[in-house]
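Residue 10 is where the sequence shown starts when you use my numbering, and the numbers rise one by one after that.
All residues carry an ideal CB built from backbone N, CA and C; glycine is no exception.
Computed from a prediction, not measured in an experiment: that's the story for all the values here.
Here's the structure we're looking at; comments come further down.
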Amino acid sequence: MIFDSESFSSRVVYYERLQMSYGMEVTRTINGLGTQGMIWVESEGALPPYSVNGNTVYVRGIGQAPTQVTIMGMSFG
10 MIFDSESFSS RVVYYERLQM SYGMEVTRTI NGLGTQGMIW VESEGALPPY
60 SVNGNTVYVR GIGQAPTQVT IMGMSFG
């Protein structure tokens, strides 16, 4: 699926950038995803272990150096 920047930004319901390192854990519940939503995690370095259950995402930091991690939620209806 390809989006132009306007339709992409109108579908984003949650966006957070974190600096994570070893031992750091975060849990986020994302509201507003609707019946067809998507949650994903991106990283500038090694992708940390994460899990998604419904509208909740859990991320655990890895590595000795801090890494920029992005959590994003999008709604498709």
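Within 10 Å of its beta-carbon, does residue 58 have 16 or more other beta-carbons around it, so buried, or fewer, so exposed? exposed
Nearest-angstrom Cα separation, counted from residue 73 out to residue 63: 30 Å
Taking only runs that begin and end inside the region 31-81, name each unbroken beta strand (DSSP E) of 3 or more residues, in chain order. 34-38, 46-52, 59-62 and 65-69
With 16 other CB atoms within 10 Å as the buried threshold, where does residue 23 fall? buried
Nearest candidate by alpha-carbon position, reference residue 60, set 27, 80 and 31: 80
Selected residue, minimal CA-CA separation from residue 45, among 78, 21 and 77: 21
Would a C-beta distance cut-off of 9 Å place residue 41 and residue 70 closer than the cut-off? no
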